[in-house]
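Worksheet for the structure shown next.
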Amino acid sequence: MKISSPLFPVSSLLQKVFFFAIHLLLAMEFLLATYSSSSYAVLNRHAVGELAQSPSHASWTSTIFFVGRGLGMFISPWLSQSLGKVRSLYSAIVILILSNLVMAIGEDFYLFLLIRFFLGLAVGAVMMLCQYVLMDFYPINKWPFVTSLFGFLLMTTFGFGPSFGALIQESHWNWREYFTLNVLLHSLGLVFLWALLGKKEEEKRKISFDGVGFLLITLCFISFQTLASRGQDEDWYNSLFINVLFFIGVASLIYFFVWELGEKKPFFDVRLLLMSNFLIANLIGPLSFGALYGAFSILIGALQEIGYSSFLSSLPLIPMLVCLPILYPLSVYLSNRSDPRPIASFCFALLALFCYMTSTYDFFNRRSYFVQSVLVSQLFLGGMVGILPPLNRMVIEGLSPRHQQMAISWSILLRTFSFTVGAGLLGTLLEHRTAFQQSRLVETRSLFDPSVVEFLQRLRELGLDSLQALKEYAYLVSQRSYILAVDDTFRFCAILYFFVSFFVWATKIKKLKKE
Numbered sequence: 003m004k005i006s007s008p009l010f011p012v013s014s015l016l017q018k019v020f021f022f023a024i025h026l027l028l029a030m031e032f033l034l035a036t037y038s039s040s041s042y043a044v045l046n047r048h049a050v051g052e053l054a055q056s057p058s059h060a061s062w063t064s065t066i067f068f069v070g071r072g073l074g075m076f077i078s079p080w081l082s083q084s085l086g087k088v089r090s091l092y093s094a095i096v097i098l099i100l101s102n103l104v105m106a107i108g109e110d111f112y113l114f115l116l117i118r119f120f121l122g123l124a125v126g127a128v129m130m131l132c133q134y135v136l137m138d139f140y141p142i143n144k145w146p147f148v149t150s151l152f153g154f155l156l157m158t159t160f161g162f163g164p165s166f167g168a169l170i171q172e173s174h175w176n177w178r179e180y181f182t183l184n185v186l187l188h189s190l191g192l193v194f195l196w197a198l199l200g201k202k203e204e205e206k207r208k209i210s211f212d213g214v215g216f217l218l219i220t221l222c223f224i225s226f227q228t229l230a231s232r233g234q235d236e237d238w239y240n241s242l243f244i245n246v247l248f249f250i251g252v253a254s255l256i257y258f259f260v261w262e263l264g265e266k267k268p269f270f271d272v273r274l275l276l277m278s279n280f281l282i283a284n285l286i287g288p289l290s291f292g293a294l295y296g297a298f299s300i301l302i303g304a305l306q307e308i309g310y311s312s313f314l315s316s317l318p319l320i321p322m323l324v325c326l327p328i329l330y331p332l333s334v335y336l337s338n339r340s341d342p343r344p345i346a347s348f349c350f351a352l353l354a355l356f357c358y359m360t361s362t363y364d365f366f367n368r369r370s371y372f373v374q375s376v377l378v379s380q381l382f383l384g385g386m387v388g389i390l391p392p393l394n395r396m397v398i399e400g401l402s403p404r405h406q407q408m409a410i411s412w413s414i415l416l417r418t419f420s421f422t423v424g425a426g427l428l429g430t431l432l433e434h435r436t437a438f439q440q441s442r443l444v445e446t447r448s449l450f451d452p453s454v455v456e457f458l459q460r461l462r463e464l465g466l467d468s469l470q471a472l473k474e475y476a477y478l479v480s481q482r483s484y485i486l487a488v489d490d491t492f493r494f495c496a497i498l499y500f501f502v503s504f505f506v507w508a509t510k511i512k513k514l515k516k517e
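Numbering-wise, the numbering used here puts 189 at position 187 of the sequence shown, and it's gapless, one number per residue.
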């Protein structure tokens with residue numbers, strides 16, 4: 003096959019080598035960018051602790067990153083057309099390098115938090131621009147292959163990302179060294195890309211950008227993201243800080259819709275919300291992915307609570323990748339050629355089964371999780387890799403080609419934003435259920451219960467005094483309450499995915515004409 007590009011002419015002798023190298027470099031840069039979020043999740047508590055903040059601030063540094071990443075992915079088409087694909091990619095990588103450098107040497111938490119947002123912007127832009135650059139090496143009818151390739155790579159981050167971060171932690175790497183390593187790797191990537199692509203003349207177009215709309219939706223997202231991350235610690239609406247955030251978020255959202263209705267070239271065409279398929283798919287997508295990201299965080303926390311190391315706690319996410327080379331291509335193929343609702347319903351049913359089975363595990367039988375879970379339920383978790391293609395098909399169903407790109411971009415933005423609130427809201431549910439389970443255990447297993455009396459007596463026979471025995475009992479009650487709350491949370495997710503598996507049928511899909 004002859005590879006050619008109007009922007010990047012390749013000599014015939016080096017054609018194959020160049021073609022392979024550009025694929026490898028863009029894929030590696032894409033993976034470095036995407037893995038920066040999932041790998042950091044294991045290190046975030048160490049970072050906020052050294053910056054003199056409580057562990058509850060750790061999730062804040064992760065969720066604000068996802069706000070930036072979603073916005074960066076959304077504005078990347080405008081960047082690629084107004085500045086050029088290659089120049090935009092270079093600029094995004096430079097911002098990414100500088101952001102990692104500032105975080106590696108910074109001492110102030112709120113500066114760190116701000117830079118996490120800009121890092122997310124750069125990562126989101128790099129993720130999309132790598133695809134746009136590679137598309138110039140293919141004819142238009144081959145572009146779906148490029149998007150499928152990068153979609154495949156993106157899915158691997160859910161399985162391998164936390165494990166890479168855990169390996170870094172258990173290798174006694176400081177979190178600052180992690181960011182320094184990112185600086186070096188991205189710098190090397192930039193040098194190699196420059197060597198291959200150089201300064202290419204690209205066609206640029208002056209495209210209007212709705213800056214007011216962008217600022218309003220950014221303010222709205224940051225307000226609600228901070229509210230979800232800090233609400234539990236700030237006592238929700240008993241806090242002036244939370245009340246102000248809620249008011250700012252709602253006011254900016256309302257003004258955003260009013261502003262967009264009056265714009266000739268809006269940041270988002272709000273009339274798309276009148277399309278039932280677009281509305282339903284963008285309720286299902288963010289709801290499902292937000293719950294899934296929160297469930298991942300809770301599952302890893304539950305395993306760490308009962309004594310597993312960070313690395314061992316991350317291993318249960320890897321087996322789902324067994325489904326990746328089978329289910330993802332199959333989902334892409336079927337969703338584009340037939341009704342996407344059956345494949346979406348099937349994948350959501352698998353997720354419901356995974357959540358239900360996780361809620362029934364005896365986490366205290368330590369061997370069972372890595373025997374039963376890895377072989378059975380974690381394969382069901384692989385259902386998540388097949389969700390995106392049918393959801394994307396539902397989003398664009400019935401839309402004109404002019405609106406399809408905006409619809410897909412907004413779906414990506416909303417799904418990414420859901421990561422910022424999913425973990426916070428599920429974490430709040432977990433804390434409330436933990437308190438409930440602890441109260442129930444204390445009431446049903448009082449100090450006068452024969453089994454508790456026998457347990458305390460055995461502890462005293464082992465050499466503990468009465469106070470030490472009570473302390474050990476209180477710790478076990480607290481641990482057991484947390485695990486029961488984890489079961490309740492996964493049961494809630496199972497019910498959610500069960501109903502979603504039926505809700506997808508509310509969309510209306512036209513039969514494709516046979517060619």
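Even for Gly, the Cβ is constructed at its ideal location relative to N, Cα and C.
Item: LYS513 versus MET396 - alpha carbon distance; Value: 13 Å
Item: Rounded separation between LEU472 and VAL125 - CA only; Value: 50 Å
Item: Nearest-angstrom Cβ-Cβ length linking ARG388 and ILE345, presumed shorter than 8 Å; Value: Sequence inspection shows Gly at residue 388; the Arg mentioned does not correspond to that position. With a Cβ gap of about 6 Å, GLY388 and ILE345 count as contacting.
Item: PRO344 - containing alpha helix (DSSP H), residue span; Value: 343-361
Item: Delimiting residues of the alpha helix (DSSP H) encompassing ALA2; Value: Given that the chain is displayed from residue 3 to residue 517, the structure contains no residue 2 and the question cannot be resolved.
Item: Buried versus exposed, by CB contacts within 10 Å (16 or more), GLU172; Value: exposed
Item: Simplified DSSP assignment, three categories, for ALA43; Value: coil
Item: Any beta strand (DSSP E) of 3 or more consecutive residues that is wholly inside the segment 120-176; Value: none
Item: Complete runs of the alpha helix (DSSP H) confined to the segment 202-232 [at least 4 residues]; Value: 213-232
Item: 6 Å CB neighbourhood of TYR134 in its chain, flanking five on each side removed; Value: SER82 and LYS87
Item: Pair within 9 Å by beta-carbon distance, SER337 and PRO391; Value: yes
Item: Contact belief for LEU323 with THR158 at Cβ below 8 Å, rounded distance in angstroms; Value: 6 Å
Item: C-beta atoms of TYR295 and PHE421 nearer than 9 Å; Value: yes
Item: Whole alpha helix (DSSP H) elements within the segment 256-320, 4-residue minimum; Value: 278-307 and 312-316
Item: Buried versus exposed call for GLY213 [16 or more other C-beta atoms within 10 Å across all chains shown]; Value: exposed
Item: Backbone secondary structure at GLU179 - three-state DSSP; Value: helix
Item: Cβ shell of SER231 (< 6 Å), same chain only, five flanking positions each side left out; Value: SER61, TRP62, THR65 and GLY426
Item: Three CB pairs or more closer than 8 Å across the segment 430-450 and the segment 469-486; Value: yes
Item: Spatial neighbours of VAL334 in its chain, beta-carbon cut-off 6 Å, leaving aside the 5 residues before and after; Value: SER150 and PRO391
Item: Expected contact under 8 Å - CB spacing of TYR78 and LEU131 to nearest Å; Value: It is worth fixing the name first, because residue 78 is Ser in this sequence and not Tyr. Yes, SER78 and LEU131 are in contact; Cβ-Cβ is about 6 Å, under 8 Å.
Item: Spatially closest choice to PRO57 from MET408, ALA43 and PHE223, by CA coordinates; Value: ALA43
Item: Top-ranked residue by Cα proximity to PRO146, from ASN394, SER189, LEU247 and VAL272; Value: ASN394
Item: Burial state of GLN227 (16 or more Cβ within 10 Å); Value: buried
Item: Sequence-distant residues of the same chain with beta carbon closer than 7 Å to GLY2, five excluded per side; Value: Because the chain here runs from 3 to 517, residue 2 falls outside it and cannot be looked at.
Item: Candidates PHE350, GLY74, LEU73 and TYR37: closest to SER165 by CA position; Value: TYR37
Item: Cutoff 7 Å; reference LEU263; Cβ partners in own chain excluding five residues on either side; Value: VAL272
Item: C-alpha distance - LEU190 paired with GLY200, whole-angstrom precision; Value: 14 Å
Item: contact_flag[the segment 88-107, the segment 181-188] where n(CB pairs < 8 Å) is 3 or more; Value: yes
Item: Rounded Cβ spacing between PRO318 and LEU301 (contact assumed at less than 8 Å); Value: 7 Å
Item: PHE421, DSSP secondary structure in three states; Value: helix
Item: Closest by C-alpha distance to MET386, when choosing among PHE160, SER93 and ALA409; Value: PHE160
Item: Beta-carbon spacing of SER69, ALA304 below 9 Å; Value: Checking the displayed sequence, the identity of residue 69 turns out to be Val instead of Ser. For VAL69 and ALA304, no; Cβs fall outside 9 Å.
Item: For PRO77, the three-state DSSP class (helix, strand or coil); Value: Residue identity check: residue 77 is Ile in the sequence provided, not Pro. Helix at ILE77.
Item: 8 Å CB neighbourhood of LYS510 in its chain, flanking five on each side removed; Value: SER278, ASN279, GLU399 and GLY400
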